[in-house]
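2 protein chains.
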Amino acid sequence: MTIASFHPPRRTLMGPGPSDVSDRILQAMARPTIGHLDPAFIGMMDEIKTLLQYAFKTKNELTFAVSAPGSAGMECCFVNLVEPGDKVIICQNGVFGGRMQENVERCGGNAVMVQDAWGSAVDPEKLEAALVKNPDAVLVAFVHAETSTGAQSDAKTLVALAHKHGCLTIVDAVTSLTGTPLLVDEWEIDAIYSGSQKCLSAPPGLSPVSFNARAAEKIRQRSSKVQSWFLDLNLVMGYWGGEGRRAYHHTAPVNCLYGLHEALVIVQDEGLENAWVRHHKNHLALRDGLQEMGISFLVPERDRLPQLNTIYIPEGVDDALVRQRLLTEFDLEIGSGLGALAGKVWRIGLMGHGSSEKNVAFCLNSLKAVL
Amino acid sequence: MTIASFHPPRRTLMGPGPSDVSDRILQAMARPTIGHLDPAFIGMMDEIKTLLQYAFKTKNELTFAVSAPGSAGMECCFVNLVEPGDKVIICQNGVFGGRMQENVERCGGNAVMVQDAWGSAVDPEKLEAALVKNPDAVLVAFVHAETSTGAQSDAKTLVALAHKHGCLTIVDAVTSLTGTPLLVDEWEIDAIYSGSQKCLSAPPGLSPVSFNARAAEKIRQRSSKVQSWFLDLNLVMGYWGGEGRRAYHHTAPVNCLYGLHEALVIVQDEGLENAWVRHHKNHLALRDGLQEMGISFLVPERDRLPQLNTIYIPEGVDDALVRQRLLTEFDLEIGSGLGALAGKVWRIGLMGHGSSEKNVAFCLNSLKAVL
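Chains A and B supply the protein sequences, listed in that same order. Just so you know, we're using our numbering here: the first sequence kicks off at 1362 and counts up by one. Just so you know, we're using our numbering here: the second sequence kicks off at 1362 and counts up by one.
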């Protein structure tokens, strides 16, 4: 049987990511591939670093894109910063805190879990209690914007608490980067990872990360080798020029980086603060429309992410059928619930290029038609 | 300072990869992004699996693309198949055997190195001696097509020896897949990894892999967890449908997979055997032209890879200057030497879409003009 070229349908992507990718970024993906050691490519890598520093609001030298999706960005932070026997406090309020625990344990670390309800922000008081109870902890990790619930936590306060007790911090910003305020240097975040396919609206496959000098120093001073060769920052630092040289480490995903570069240029041209305002404004319009329909939110207003709206499925409504009808009748994708929230909620993304008045209206009208 | 959109030069890529990507594949990369759980996407994943089975000449159920470059594909094989304390025999005849050693040691394994000269094929007699001397070895790993030297090893014989002594095998086929005969089932290779950016001529960023039932069983029966969450095949198997379900694991690099799909359709349409013949024919033409110029090969004729031609830099010639002139005057990229061969050789790729009469003539003429 002969297989033909694949022509995907044109969807409107309003799930938890990937988000709608603009034609401008898609066209960048199709530019001619060049070598990963070509001077023109290395110049582009330098620009990506500068643009990522802008997006993260950081001056961190060690700012680049891991050549793999967000899960690998998460793993990159943990395998480099956790050594066997290290005690790590993880604040969990959704699916991705659980994945952090998996990471710590696979690094031979000892994970201390601080639990909050799914849909709530992380409670700083619980973190402080855990820090007092575990004075030997060396690291605190939490999710800034929980993609499984749409809740936002107070990263600045959590980082300050961790530092007060002598811990470094790893922050998951997969869904927050460029969608909601995130100030890496001002909040003194030590290590952070994100994804290309959320508020940056680039295709999935890359994970922007940033490490401050303290985190980089800890990585340099490790007593054991990083267990992943591919993600070992002592090797990757050479490749991305953090140390001023350009050693071959692995072959970079050239065309994906074209897409990320274009996405970051778009953020720069709009202005980060303008992007935050746009995400907030479109969230309010969606919220008002949903509330008119009698639909309620999982997350209390104060902690809601504007870019990811998690709503209760109205009683008596068939979860899978509605999503299927939205997809087949409207080419509209919204997200289902994850983990403990499966079957209970939908997740509506208004991320990056997809955070627009047009998408708000389209989503509300489509939902009205189907419900 | 404002950064503008990036417009790469259009190069002819005749290094060790990435190879020239055809416009057909570039256009596929620019198709609209859809969700990684979209039924249309899942259908495409099934097709990629079928097409990869064709390219690898295997019926292995566990055949898919790791969502990251070839180095991660290598790591995927090792972290899944090596447990702490395992003894692994590695046949090294170039840079990438050394990377295998790094992988084994980072998994807590014990690497026994069998060395051959860089530029030679792996010597089966040396492997057999090592197997006899190390009856407690559980795994043999080697590179089928050494990207750093252009030498091809006799994978069939090496695998048979390993099996005779009760070892499973991991084979690096980054540069061989679709460029030179590779028969995964007939040769009984247990685990194999490749890259998208060599003879498949897709952009870099994906690593096709395949595991036979014996390897999959060993992974299922591990006594310790795989140290990488991102690469844990016990989790990934669910995602790629090896077990008949479609659990969410990580967000797949959607548009890169469009490119890989298109590249595999092109292989299918040409026919694998025809592709091997084409690579061989163009290699002979390049060889004849280079020999006329008095240039000699690193690798003895018998062991040469048609897709990667490693030649000695003529005496008195400035390595870096020639490559720079080829790049700036002809937009032609050829590869430098790697590791111990740096400054001594050039590597000329005739891979996939780039293995053409036109490229052979262009490369010979450009070299003549510059030397």
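We treat Cβ as the ideally placed atom computed from N, Cα and C, and that holds for glycine.
Beta-ladder partner(s) of residue i, from DSSP
i                      : result
residue 1736 (chain A) : Since the displayed chain A opens at 1362 and closes at 1732, residue 1736 (chain A) lies outside it and no answer follows.
residue 1617 (chain A) : The partner list for residue 1617 (chain A) (beta bridge, DSSP) is empty, contrary to what the question assumes.
residue 1708 (chain B) : B:1671, B:1696
residue 1504 (chain A) : A:1533
residue 1665 (chain B) : B:1512
residue 1568 (chain A) : A:1427
residue 1450 (chain B) : B:1473, B:1501
residue 1481 (chain B) : B:1479
residue 1552 (chain B) : B:1531, B:1572
Close Cβ partners of residue i (< 6 Å) along its chain, the five nearest in sequence each way excluded
i                      : result
residue 1567 (chain B) : 1426, 1557, 1617, 1621
residue 1683 (chain A) : 1731
residue 1417 (chain A) : 1545, 1571
residue 1392 (chain A) : 1619
residue 1554 (chain A) : 1434, 1435, 1438, 1568, 1570
residue 1531 (chain B) : 1438, 1502, 1552
CB contact check: residue i to chain B, cutoff 8 Å
i                      : result
residue 1728 (chain A) : no
residue 1387 (chain A) : yes
residue 1694 (chain A) : yes
residue 1527 (chain A) : no
residue 1666 (chain A) : no
residue 1399 (chain A) : yes
residue 1510 (chain A) : no
residue 1675 (chain A) : no
residue 1506 (chain A) : no
residue 1517 (chain A) : no
residue 1670 (chain A) : no
residue 1682 (chain A) : no
residue 1502 (chain A) : no
residue 1661 (chain A) : no
residue 1612 (chain A) : yes
residue 1382 (chain A) : yes
Distance, residue j Cα to residue i Cα
i                      : j                      : result
residue 1381 (chain B) : residue 1715 (chain B) : 5 Å
residue 1457 (chain A) : residue 1504 (chain A) : 7 Å
residue 1472 (chain B) : residue 1449 (chain B) : 5 Å
residue 1421 (chain A) : residue 1443 (chain A) : 20 Å
residue 1539 (chain B) : residue 1396 (chain A) : 21 Å
residue 1653 (chain A) : residue 1646 (chain A) : 11 Å
residue 1394 (chain B) : residue 1711 (chain A) : 16 Å
residue 1334 (chain A) : residue 1527 (chain A) : With chain A running from 1362 to 1732 in the structure shown, residue 1334 (chain A) is simply not present.
residue 1610 (chain A) : residue 1700 (chain A) : 36 Å
residue 1679 (chain B) : residue 1729 (chain B) : 14 Å
residue 1589 (chain A) : residue 1635 (chain A) : 38 Å
residue 1406 (chain B) : residue 1424 (chain B) : 11 Å
residue 1703 (chain B) : residue 1501 (chain B) : 28 Å
residue 1661 (chain B) : residue 1641 (chain B) : 15 Å
residue 1438 (chain A) : residue 1615 (chain B) : 24 Å
residue 1511 (chain B) : residue 1706 (chain B) : 11 Å
residue 1468 (chain A) : residue 1506 (chain A) : 24 Å
residue 1669 (chain A) : residue 1696 (chain A) : 10 Å
residue 1651 (chain B) : residue 1537 (chain B) : 22 Å
Min CB distance residue i to chain A below 8 Å
i                      : result
residue 1619 (chain B) : yes
residue 1414 (chain B) : no
residue 1484 (chain B) : no
residue 1393 (chain B) : yes
residue 1542 (chain B) : no
residue 1410 (chain B) : no
residue 1365 (chain B) : yes
residue 1406 (chain B) : no
residue 1494 (chain B) : no
residue 1371 (chain B) : yes
residue 1374 (chain B) : yes
Residues near residue i in its chain [Cβ-Cβ closer than 8 Å; skip 5 each side]
i                      : result
residue 1459 (chain B) : 1453, 1700
residue 1643 (chain A) : 1667, 1711, 1716, 1717, 1718, 1720, 1721
residue 1605 (chain A) : In this prediction, residue 1605 (chain A) has a pLDDT of 47, which is less than 50 and means its spatial position is unreliable; nothing more can be read from the coordinates.
Close-in-space but distant-in-sequence residues of the same chain around residue i (CB under 7 Å, 5 per side omitted)
i                      : result
residue 1583 (chain A) : 1444
For this session: Could you list the residues in the region 1559-1580 of chain B with a C-beta less than 7 Å from some C-beta on chain A, going in chain order?
Result: 1564, 1565, 1566
Exercise. Just by C-beta distance, which residues in the region 1453-1481 of chain A are closer than 8 Å to chain B?
Worked result: 1460, 1463, 1464, 1466, 1467, 1468
Problem set entry | Under 8 Å (Cβ pairs) to chain B, residues found in the region 1699-1729 of chain A | For the region 1699-1729 of chain A, which is checked against every Cβ of chain B, the residues closer than 8 Å are 1699.
For this session: Would you list, in chain order, the members of the region 1620-1647 of chain A that have their beta-carbon closer than 7 Å to a beta-carbon of chain B?
Result: 1622, 1623, 1626, 1629
Problem set entry | Within 7 Å of chain B by C-beta, residues of the region 1415-1447 of chain A in sequence order | 1428, 1429, 1430, 1431, 1432, 1433, 1436
Exercise. According to a CB-to-CB cut-off of less than 8 Å, which residues of the region 1588-1599 of chain A neighbour chain B?
Worked result: 1588, 1589, 1590, 1591
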